[in-house]
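Colleague: Going left to right, the sequence shown walks through residues 232 to 1179 as the numbering used here numbers them. Before I ask anything, let me first share the structure, which is written out below as structure tokens.
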Amino acid sequence: MGKNLTGGNGKICSPQGNEHSIPITEFFEELNVDENGLSEQEASSRLKECGANILEETGKESIIKKYLRQFRNLFSILLTVGAILSLIGEYLDPGQGNLYIGIALVGVVILNGTFTFIQEYQAEKTMESFRQLLPPHARVLREGKVRDILASELVVGDIILLEEGDKVPADGRLIETNALKVDNSAITGESEPQLRSLEYTHPNMLESRNMVFSGTLVQSGNGKAIIFGIGHNTQIGSLATLTQQTSGVDTPIRKELNHFIKVISAIAVIMGVIFFILAFFLQNVFLASLIFAIGIIVANVPEGLLPTVTLALSLASRRMASQNALIKQLESVETLGSTTVICADKTGTLTQNRMAVNTLMIGFQCLVLQYSLSSLKKTATQETEESKNKVAAEEIADLGTEGVCITEKPVWDPEKLSSVFIRVAGLCNNAELSESPPGYTGDPTEGALLVFANSIEDIKKLQSDYPRLEEFPFDSRTKRMEVICRTPEGKLEVYLKGAPEVVVKMCSLSLDSEIRKLDENKQQELLDQHLSLAKKGERVIALAYRQIEELKEYTEDFIFLGFVGIVDPPRPEAREAIAKCHTAGIKVVMITGDHPVTAESIAKDVGLANAGNLEIITGDELATLSNADLASRLKNPSIVFARTSPVQKLKIVQLFQAEGEIVTMTGDGVNDAPAIKNADMGVAMGSGTDVAREAADMILLDDNFATIVNAIEEGRTVFDNIKKFIVYIITHTIPEVLPYIAFILFALPLPMPVQLILAIDLGTDMLPALALGEEKGEEDIMKRPPRPRTEKLLTPQVLLTAYGIKGPIEAIAGFFCYFAVLFEGGWNFGEQLANNNLLYMQSITAFFSAVIICQIANVFASRTRFQSVFTLGLFSNRMVLVGIATELIILALIIWNPSANLIFNTHPLDLRYLLFAIPFAILLLGVDELRKYLLRRNVSWVTRYLKW
């Protein structure tokens, strides 16, 4: 070990294809490594020689393809058709300005596609940066010490440690296994997890059980493997079909956008065709009718929709990231907003995940009795805790149990602890000691036991004196774990830990001051006593052992040693977050593997029982009750699933979904993955397994329930903001379309040519619309019930508000200013004006200006859906002010800049004509404020027709 890679040894970087079949000693020699792993120097040398363990995705869509994809949506197609029609018009009748319209429309398509591409590209980079915050890690043995390194730093010859929930970081050959099962579906397509062994079992490397492969998932057990293939030299690296891992299923918001685009496009096309036919029959001028149809289509297309939606989602995802919630798919942000049920893990999500041993019961005796009411100095918290403990003690006394362990703090007397008790706590354990807080790595429950055992005896020495020979890992179905160790005297002992009701039933004897027989009555007495700890909200673990003759799993004749009560304090912010959920009409469900008594205590501590009677459903009930019975119990606002296995989480999700609920599910373990993936919104803990994080839509960096609630608020805000944007952006459709109708029906000079429509759609309105995407949630955002699954972005209420109220006000303002200019200039009704007529150019400038001024009022009105806009601070969204300033600058340029006059066919006009539009802008704002006021007063007809 430790030799440099020189000469022929350079081939070590590439697998030879026989790694699964050669003898293990020869394998060690070929990789130039021993059982202690590589030295740091050698690992560094191999990293330089072979490169990093990185797998670039092939088949990934190129930037060019992504850019071109932006031009495939219906809006772009409609505008392109409009451009082609304009160019045809120019060909049929040159010099009428159709060429400029065609060029402008092509420019609009390119600008819109480019802007959408930039927004999506930036959003993708944001998502990528989020993934970099949680890079894959690997536990590796180097120089005899276990180290945690980035998976990209793994080299050929490294010895890696694999545990349940890990994603295998590179191809390797196993040198140690403990009931190790691996999901190879990413490589072989086999859905069933495959048991691994140390034997060469098949000529095909993929079928041989002594191998593990990059990208596969450890489903259960643990083991060690020597890496022989990294990066592109792995099995998965050689697959040409590897593509970007994104879901092909459309999210609700994507479906809504597609629906919106289809509806608006259909309206545009139908109106365009109808009025083309109408114009042709009324005026019998094909070319004028064609230009009219183009104007109708362009007026109906909200060009800025897609980039604005992308921006709103991207901004929300960044805000969520700053609050420790990482979204893996941008459009999942909105899905959160429609959540009706949150299924939350207790440990780490509702509690602090700072587990510590708090209470011990040795056999039938309390180890320490630390309860004194005569203490002179006590904090309010201590007094509250003592009060709770006293109540618990009284309740336990009613049960007729003899001993009650109530502690103010963990104070252990080593003399009262048997050495075997410490051995079981420390050796029947897969956690590892760590110098960084909380003092261990691994499962929190096992970590708490390990830290406790290490405080009494040196765990390293125990592990050396009592080497582990066999392990039977914890299983959520059996609720126990066993390890077999060899004692210094050469005897075999099996150490058992698990759920009290399981372990006690496996014991025939108990040990405290002496060994005594454990009959059924004594077993029941122990189970009653363990409730004393459970009632205080403690997770109770039972310990036992026995001496054996052979290596196998045992299920009886154990000697009961005692109970360990482990506390995990509730998160202080959980109570407020749950109350917020209840106010928002969201049902919170707690799922735990703890005893129902423990679960009930924690549920009350975090305020879960405040919404009504607490419904506690156990895993056994979940397995035996009919779906009809379960459905009736699921209607309770406060539900706790106790003694539930992770596998049952999927059933819980499906039960709620069958009732029409939109479910957000949290989890961190391997067995949580199916439920996380099947939930409407899967949430994984940042501290959880690789498997859970892969299945999730969102990752909580702080594992905090309050973070989920904040994310739901963001999701609701996003949907609100998209609706606000839609109402704002489609309002100007009416003052853009009505001029064409007036042009056909009343033979008026066209009040709003295509150039000015485009100036509104892609000029003046773009920044204010984007600014609406930055609005914060309204005061009642978490006081409303979740939006129905069936609620659309484009509803009759949205159309009535935009097309029936705001739009007509803007159109009236435009026509008022338009006619004011015409009549004051001496125009007579029915008189036709040439396009280059000064009076005509001023009149269309006045119409355009009136629409812009009304849109300024509209953007203010659109900042809220229900709340009065005057309750918001003027500077609470500075982007709106920037947008308005931009509108006014563009308006000034179009009115008074000679170059803009030439392009848009406008002409400078007296400022007073602009002032004529201000009363209409005030009217628009006032009418919308009245709508919101009536909504807040719950006026039924307003709620029915104008609530969106």
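Just so you know, even glycine gets a beta-carbon here, dropped at the ideal spot from N, CA and C.
1) Just to confirm, is the Cβ distance from F595 to S739 under 8 Å?
2) To the nearest angstrom, report how far apart V985 and A1116 are at their CA atoms.
3) How long is the line joining the alpha carbons of R300 and T1021, rounded to whole angstroms?
4) Quick check on this structure: which residue in R378, T347 and V387 has the alpha carbon closest to the alpha carbon of P246?
5) Let me confirm a value: E273 is counted as buried when at least 16 other C-beta atoms fall within 10 Å, else exposed. Which label applies?
6) Return the first residue and the last residue of the alpha helix (DSSP H) that S1130 is part of.
7) Hey, R404 and F459: beta-carbon distance below 8 Å or not?
8) Would you please state the rounded distance, in angstroms, between the beta carbons of L664 and L680? I believe it to be under 8 Å.
9) Does the beta-carbon distance from T447 to D414 come in below 8 Å?
10) Would you check if the distance between the CB atom of R711 and the CB atom of Y697 is smaller than 8 Å?
11) Using a Cβ distance threshold of 8 Å, determine whether the segment 907-927 contacts the segment 744-761, with at least three qualifying pairs required.
12) Indicate the three-state DSSP secondary structure (helix, strand or coil) for G396 in the structure shown.
13) Just to confirm, is the Cβ distance from F872 to I907 under 8 Å?
14) DSSP has Y220 in a bridge; who is on the other side?
15) Excluding the 5 residues preceding and the 5 following Y431 in the sequence, name in chain order all residues of the same chain whose CB lies nearer than 7 Å to its CB.
16) Output needed for R1094: all residues of its chain with C-beta closer than 8 Å, excluding positions within five of it in sequence on either side, in chain order.
17) Whether or not the segment 790-802 and the segment 765-775 are in contact is what I'm after, with contact meaning three or more pairs of Cβ atoms, one per stretch, closer than 8 Å; do they touch?
18) Between which residues of its own chain and G333 is the CB-CB distance below 6 Å, once the five residues before and five after are set aside?
19) Expressed to the nearest angstrom, what Euclidean distance is found between the alpha-carbon atoms of R1162 and Y1176?
20) Determine whether the beta carbon atoms of N935 and N555 lie at a separation below 8 Å.
21) Would you give the residue range spanned by the beta strand (DSSP E) that V588 belongs to?
22) Spatial neighbours of V734 within its chain, please: CB distance less than 8 Å, with the 5 preceding and 5 following residues excluded, ordered by chain position.
23) Would the segment 525-537 count as touching the segment 967-978 if we require 3 or more Cβ pairs under 8 Å?
24) For L757 and D389, what's the separation of their Cα atoms in angstroms?
25) State yes or no: is the C-beta of L998 within less than 8 Å of the C-beta of G850?
26) If you draw a straight line from the C-alpha of N844 to the C-alpha of L700, how long is it?
27) In chain order, what residues of the same chain lie with their CB nearer than 7 Å to the CB of T571, ignoring the 5 residues before and after it?
28) Pick out whichever of V494, E487, A524 and V922 has its Cα sitting closest to the Cα of I505.
29) With DSSP collapsed to three states, give me the class of C196.
30) Drop a sphere of 10 angstroms on the beta-carbon of N858, count the other beta-carbons inside from all chains shown, and report buried for 16 or more, exposed for fewer.
31) When you compare the segment 1074-1082 with the segment 1040-1051, are there three or more beta-carbon pairs, one atom per stretch, that lie closer than 8 Å?
32) Express the C-alpha separation of Q760 and F259 in angstroms, rounding to a whole number.
33) Exposed or buried, what is T474 when buried is set at 16 or more other beta-carbons lying within 10 Å of its beta-carbon?
34) For G568 and V949, which I take to be in contact (beta-carbon distance under 8 Å), what is that distance rounded to the nearest angstrom?
35) Measure the C-alpha to C-alpha separation of S428 and T408 and round it to an integer number of angstroms.
36) Figure out for me which residue from V651, F705, S650 and P668 has the closest Cα to the Cα of N660.
Modeller: In brief:
1) Working through the sequence shown from its first residue, we reach residue 595 at position 364. Working through the sequence shown from its first residue, we reach residue 739 at position 508. The answer is no: Cβ separation not under 8 Å.
2) By 1-based counting over the sequence shown, the position of residue 985 is 754. By 1-based counting over the sequence shown, the position of residue 1116 is 885. Rounded to whole angstroms, V985 to A1116 spans 24 Å at the Cα level.
3) In the sequence shown, counting from the first residue as 1, residue 300 sits at position 69. In the sequence shown, counting from the first residue as 1, residue 1021 sits at position 790. So the two alpha carbons sit approximately 29 Å from each other.
4) Stepping through the sequence shown from its first residue, residue 246 is reached at position 15. The residue with the shortest Cα to Cα distance from P246 is V387.
5) For the purposes of this step, residue 273 is taken as residue 42 along the sequence shown, with counting starting at 1. Result: buried.
6) Translated into positions along the sequence shown, residue 1130 becomes position 899. Note, S1130: alpha helix (DSSP H), P1129 to F1135.
7) Within the sequence shown, residue 404 is the residue found at index 173, counting from 1. Within the sequence shown, residue 459 is the residue found at index 228, counting from 1. Result yes, Cβ atoms of R404 and F459 sit closer than 8 Å.
8) Taking the first residue of the sequence shown as 1, we reach residue 664 at position 433. Taking the first residue of the sequence shown as 1, we reach residue 680 at position 449. Between L680 and L664 the Cβ distance is about 12 Å, and since that is not below 8 Å, they are no contact.
9) Residue 447 sits at position 216 when you count from the first residue of the sequence shown. Residue 414 sits at position 183 when you count from the first residue of the sequence shown. Against a cut-off of 8 Å, the Cβ pair of D414 and T447 comes out as a contact.
10) Within the sequence shown, numbered from 1, the residue matching residue 711 stands at position 480. Within the sequence shown, numbered from 1, the residue matching residue 697 stands at position 466. In this structure, Y697 does not lie closer than 8 Å to R711 by Cβ.
11) no
12) Start at 1 with the first residue of the sequence shown, and residue 396 comes out as number 165. G396 carries a coil assignment under DSSP once its states are collapsed to helix, strand and coil.
13) Working through the sequence shown from its first residue, we reach residue 872 at position 641. Working through the sequence shown from its first residue, we reach residue 907 at position 676. For F872 and I907, no; Cβs fall outside 8 Å.
14) As shown, the chain starts at 232 and ends at 1179. That puts residue 220 outside it, with no answer to give.
15) Here residue 431 is taken as the residue at index 200 of the sequence shown, counted from 1. Closer than 7 Å at the Cβ level, and outside the excluded window around Y431, lie H251, S252, S439 and N441.
16) In the sequence shown, residue 1094 corresponds to position 863, counting from 1. Around R1094: K955, L1003, E1006, V1100, L1103, N1108 and V1111.
17) Because the criterion of three Cβ pairs below 8 Å is met, the segment 765-775 and the segment 790-802 touch.
18) On the sequence shown, position 102 is the one that residue 333 refers to. Excluding residues within five positions, the ones whose Cβ falls inside 6 Å are A314, S317 and L318.
19) Here the question's residue 1162 lines up with position 931 in the sequence shown. Here the question's residue 1176 lines up with position 945 in the sequence shown. Each residue's CA atom was taken as its position, placing R1162 and Y1176 some 10 Å apart.
20) Along the sequence shown, read from residue 1 onward, the residue named residue 935 stands at position 704. Along the sequence shown, read from residue 1 onward, the residue named residue 555 stands at position 324. A Cβ-Cβ contact shorter than 8 Å links N935 with N555.
21) By one-based count along the sequence shown, residue 588 stands at place 357. From DSSP, the beta strand (DSSP E) with V588 extends over A587 to I593.
22) The sequence position of residue 734 within the sequence shown is 503, counting from 1. Around V734: R711, L727, K728, A773, L774, A775, F789 and F791.
23) yes
24) For the purposes of this step, residue 757 is taken as residue 526 along the sequence shown, with counting starting at 1. For the purposes of this step, residue 389 is taken as residue 158 along the sequence shown, with counting starting at 1. L757 and D389: Cα-Cα distance of roughly 48 Å.
25) In the sequence shown, counting from the first residue as 1, residue 998 sits at position 767. In the sequence shown, counting from the first residue as 1, residue 850 sits at position 619. One thing to note: L998 has its Cβ no nearer than 8 Å to the Cβ of G850.
26) In the sequence shown, residue 844 corresponds to position 613, counting from 1. In the sequence shown, residue 700 corresponds to position 469, counting from 1. Using only the alpha carbons, I get a separation of about 49 Å.
27) In the sequence shown, counting from the first residue as 1, residue 571 sits at position 340. Here the set comprises I817, K818, E892, I893 and P1017.
28) Within the sequence shown, residue 505 is the residue found at index 274, counting from 1. Taking only the C-alpha atoms, the option nearest I505 is A524.
29) Here the chain comprises residues numbered 232 to 1179, so residue 196 is not present and cannot be evaluated.
30) In the sequence shown, residue 858 corresponds to position 627, counting from 1. Burial call: exposed.
31) yes
32) Within the sequence shown, numbered from 1, the residue matching residue 259 stands at position 28. Within the sequence shown, numbered from 1, the residue matching residue 760 stands at position 529. If I take the Cα positions, the gap works out to 53 Å.
33) Residue 474 sits at position 243 when you count from the first residue of the sequence shown. Note that T474 scores 35 on pLDDT, short of 50, meaning its location in the model is unreliable; the coordinates nonetheless yield the value given after this. Exposed, since its Cβ has fewer than 16 Cβ neighbours within 10 Å.
34) Stepping through the sequence shown from its first residue, residue 568 is reached at position 337. Stepping through the sequence shown from its first residue, residue 949 is reached at position 718. Contact between G568 and V949 holds: CB atoms are separated by about 6 Å, below the 8 Å threshold.
35) Along the sequence shown, one-based indexing puts residue 428 at 197. Along the sequence shown, one-based indexing puts residue 408 at 177. The straight-line gap from Cα to Cα measures roughly 6 Å.
36) Position 429 of the sequence shown, counted from the start, is the residue given in the question as residue 660. Measuring from the Cα of N660, the nearest candidate turns out to be F705.
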